[in-house]
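> Read in UniProt numbering, the sequence shown has 73 at position 73, and its numbers run on one by one without any break.
For glycine and all other residues, C-beta sits at the position ideal for the given N, C-alpha and C.
Encoded as structure tokens, here's the structure I'll be asking about.
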Amino acid sequence: MPMMDFLLALLNDMFFAMIPAVGFALVFNVPQKALKYCAIGGALGHGSRFVMMHWGVPIEWATLGASTLVGMIGIHWSHRFLAHPKVFTVAAMIPMVPGVFAYKAMIALVEINHRGFSPELLALLVENVIKAVFIIAALAIGLAMPGLLFYRRRPVV
Numbered sequence: 001m002p003m004m005d006f007l008l009a010l011l012n013d014m015f016f017a018m019i020p021a022v023g024f025a026l027v028f029n030v031p032q033k034a035l036k037y038c039a040i041g042g043a044l045g046h047g048s049r050f051v052m053m054h055w056g057v058p059i060e061w062a063t064l065g066a067s068t069l070v071g072m073i074g075i076h077w078s079h080r081f082l083a084h085p086k087v088f089t090v091a092a093m094i095p096m097v098p099g100v101f102a103y104k105a106m107i108a109l110v111e112i113n114h115r116g117f118s119p120e121l122l123a124l125l126v127e128n129v130i131k132a133v134f135i136i137a138a139l140a141i142g143l144a145m146p147g148l149l150f151y152r153r154r155p156v157v
């Protein structure tokens with residue numbers, strides 16, 4: 001039965017990742033025909049990160065893998081539907097933005113300001129800031145990687 005629980009958790013994660021992907025696609029004025037692809041991209045990206053984290057991959061590396069996957073799929077869809085890859089990929093990356101880690105870092109900073117310095121609060125602040133920065137960097141690198149690989153004018157080696 002644990003496999004069934006994992007599959008239900010994965011479907012739940014993917015479904016709820018579709019909602020912000022479509023919401024931000026609407027904010028970015030993505031064409032109406034592309035909205036379902038933004039939702040699918042958000043679900044696949046967040047779902048693949050969920051699976052990798054379930055297998056023990058740290059969230060930073062899982063985010064890099066998931067964002068690279070979304071970038072690859074976005075390039076495939078851009079060739080198929082004759083649109084820019086960013087139409088499909090940027091909104092699909094939004095559900096993976098590290099809001100919780102940035103929030104925890106900000107709360108630790110406010111606590112340091114309110115209560116005074118303590119090594120525990122500083123450690124919490126630094127840990128969450130570093131984790132948020134690395135996740136954002138993984139999103140940016142993963143989004144850029146397929147374009148660097150497929151659209152180079154010179155050979156990679």
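1) Buried or exposed for PHE6, please, with buried defined as at least 16 other CB atoms from any protein chain shown within 10 angstroms of its CB.
2) Determine whether the beta carbon atoms of MET96 and THR63 lie at a separation below 8 Å.
3) To the nearest angstrom, how far is it from the Cα of residue 160 to the Cα of TYR37?
4) If I measure Cβ to Cβ from GLU124 and keep anything under 6 Å in the same chain, skipping five residues before and after, which residues do I get?
5) For the pair the segment 51 to 60 and the segment 133 to 145, tell me if three or more CB-CB distances fall below 8 Å.
6) Report yes if the CB atom of PRO146 is closer than 8 Å to the CB atom of MET72, and no otherwise.
7) Can you give the Cα-Cα distance for HIS54 and HIS79, rounded to whole angstroms?
Taking the structure as given:
1) By one-based count along the sequence shown, residue 6 stands at place 6. By the 10 Å Cβ count, PHE6 comes out exposed.
2) If you number the sequence shown from 1, residue 96 lands on position 96. If you number the sequence shown from 1, residue 63 lands on position 63. Taking 8 Å as the Cβ cut-off, MET96 and THR63 qualify as a contacting pair.
3) What is shown of the chain runs 1 to 157, which leaves residue 160 out entirely.
4) If you number the sequence shown from 1, residue 124 lands on position 124. For the record, residue 124 in the displayed sequence is Leu; it is not Glu. ALA108.
5) Under the Cβ criterion (8 Å, minimum of three pairs), the segment 51 to 60 counts as touching the segment 133 to 145.
6) Counted from its first residue, the sequence shown places residue 146 at position 146. Counted from its first residue, the sequence shown places residue 72 at position 72. Between PRO146 and MET72, the C-beta spacing is below 8 Å.
7) Here the question's residue 54 lines up with position 54 in the sequence shown. Here the question's residue 79 lines up with position 79 in the sequence shown. Distance between HIS54 and HIS79, taken at the CA atoms: about 32 Å.
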